[in-house]
Amino acid sequence: MLVIGKEEVRELLSMKECIELMKGTLMDLNEGKASMSLRSMNKLAGDDFYLLMPAYLNEKGYFGVKLITILPSNHAKNLPSHQGVVLLFSAEDGQEKATIDCISITALRTASVTAVATDLLARKDANKLGFLGAGVQARNHVESLMLVRDVEEIRVWDLHKEAAEKFAEEMSEKHNVKVIVCNNAEEVVSNSDVVTTVTLAKEPVLKGEWLKPGTHINAIGASAKAYREIDSDAVAQARLYVDKKESCTGESSDYLVPLSEGKISDDHIVAEIGDVLLGKAGARETDTEITMFEGMGLAVEDIASATYIYQKAAGIK
Ligand SMILES: NC(=O)c1ccc[n+]([C@@H]2O[C@H](COP(=O)([O-])OP(=O)(O)OC[C@H]3O[C@@H](n4cnc5c(N)ncnc54)[C@H](O)[C@@H]3O)[C@@H](O)[C@H]2O)c1
69 MLVIGKEEVR
79 ELLSMKECIE
89 LMKGTLMDLN
99 EGKASMSLRS
109 MNKLAGDDFY
119 LLMPAYLNEK
129 GYFGVKLITI
139 LPSNHAKNLP
149 SHQGVVLLFS
159 AEDGQEKATI
169 DCISITALRT
179 ASVTAVATDL
189 LARKDANKLG
199 FLGAGVQARN
209 HVESLMLVRD
219 VEEIRVWDLH
229 KEAAEKFAEE
239 MSEKHNVKVI
249 VCNNAEEVVS
259 NSDVVTTVTL
269 AKEPVLKGEW
279 LKPGTHINAI
289 GASAKAYREI
299 DSDAVAQARL
309 YVDKKESCTG
319 ESSDYLVPLS
329 EGKISDDHIV
339 AEIGDVLLGK
349 AGARETDTEI
359 TMFEGMGLAV
369 EDIASATYIY
379 QKAAGIK
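Using my numbering, read the sequence shown as starting at 69 and increasing by one per residue.
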């Protein structure tokens with residue numbers, strides 16, 4: 069059994085490789101070559117919780133589970149809010165093949181799936197990125213989105229201005245791109261072509277009234293029901309795409325709140341990204357419409373990443 073740490077994950081799986089891997093994984097899921105059950109959410113003290121996320125790659129012959137802890141209380145301790153592992157098993161004989169740190173996997177696969185969705189849904193000439201939230205995910209999304217669009221400038225806002233300033237300093241140096249720290253979320257949203265929300269907000273941080281025509285929204289932060297980032301007006305305006313319908317309709321407050329208010333109907337989701345990749349559904353239709361990707365994060369993405377990393381580390385591919 070291999071034990072693979074955070075740094076090794078990055079050496080074995082680049083963002084570019086992960087984007088291609090995620091395209092294949094989302095198509096496999098929609099073609100029945102992979103399956104998963106919805107994650108279970110387990111409460112700890114206060115706002116802290118952990119998730120168990122199992123998936124089976126029947127065609128590849130591996131299954132596994134991610135256990136990820138999400139402790140907003142860790143901010144006060146200067147520790148990462150997300151920690152955990154992926155346990156990977158062979159489906160042939162049930163043997164455990166690897167234990168892999170899940171933080172880099174989560175960061176890579178989430179940002180890669182967003183890049184896949186953005187490439188399909190954002191305008192081809194989109195070159196201004198906006199971020200609400202300036203943590204781990206925002207940093208990884210800069211890297212992945214720069215692989216699918218020619219980015220000219222980035223705007224960022226965070227509840228904690230120091231976080232946004234640190235992000236701006238690091239990202240402008242690392243990626244040689246102009247990064248502007250904004251005083252509020254509106255300044256980001258109204259000046260960006262692609263807005264990515266990666267906060268721990270429980271109330272919407274993005275309002276529909278701020279959106280300019282043709283914007284693409286990536287709603288990534290609110291992956292549990294207690295969290296919400298996008299207001300009902302924005303969701304109602306948008307052509308909505310998801311990673312998995314059951315995840316969105318079961319767990320996404322960005323979707324469930326406007327539905328309960330009657331602002332959208334239960335046919336509001338246009339398609340899953342896997343079906344767009346398979347050519348079973350269309351993507352953006354005009355340069356002026358608002359598109360939105362609600363990414364809840366799927367166990368198949370973690371297990372596919374873990375399988376790729378394990379096979380590379382073990383010299384299987
Ligand atoms: N959809 C997915 O697949 C997926 C995967 C991983 C993480 N996530 C979620 O994405 C979010 C960000 O993850 P991360 O690893 O970057 O976390 P992080 O803790 O590294 O960063 C979060 C940032 O958001 C800021 N923030 C918190 N509350 C805010 C608010 N109300 N308004 C504005 N900014 C606020 C914090 O100051 C921090 O800078 C989390 O909610 C996490 O659970 C989703």
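Glycine is no exception: its CB is placed at the ideal position from the N, C-alpha and C atoms.
All values reported here derive from a predicted model rather than from experimental measurement.
Supposed close pair G152, I136 - CB separation, criterion 8 Å = 4 Å
Taking the C-alpha atoms as reference points, what is the distance between H284 and T186?
-> 7 Å
Ligand 1 heavy atoms versus the CB of H269: any closer than 6 Å?
-> Checking the sequence shown, residue 269 turns out to be Ala, not His. Yes.
Any 3 or more C-beta pairs closer than 8 Å across the stretch 101-112 and the stretch 355-370 = yes
Contacts around I332, its chain only, beta-carbon distance under 7 Å, and the 5 residues preceding and following it disregarded | V303, A304 and P326
Does the distance from the C-beta atom of D311 to that of G276 stay below 7 Å?
-> no
If you pair each beta-carbon of the stretch 345-359 with each one of the stretch 279-293, do three or more pairs fall below 8 Å?
-> Enough Cβ pairs lie closer than 8 Å, so yes.
K91 versus L215 - alpha carbon distance = 14 Å
Using the Cα positions of E254 and L274, report the straight-line distance between them to the nearest angstrom.
-> Cα to Cα, the separation comes out at about 8 Å.
Unbroken beta strand (DSSP E) run spanning T265, endpoints | V262 to T265
May I ask you to check if the CB of T264 is nearer than 6 Å to at least one heavy atom of ligand 1?
-> no
Go to P122, then tell me how far its beta strand (DSSP E) extends in each direction, as first and last residue.
-> Where P122 is concerned, the enclosing beta strand (DSSP E) stretches over F117 to L125.
Continuous beta strand (DSSP E) stretch holding Q305: start and end = Careful: Q305 lies outside any beta strand (DSSP E), inside the alpha helix (DSSP H) at S300 to Q305.
For V219, which of helix, strand or coil comes out of DSSP?
-> coil
What whole-angstrom Cβ distance do I377 and V77 have, given they're in contact under 8 Å?
-> 6 Å
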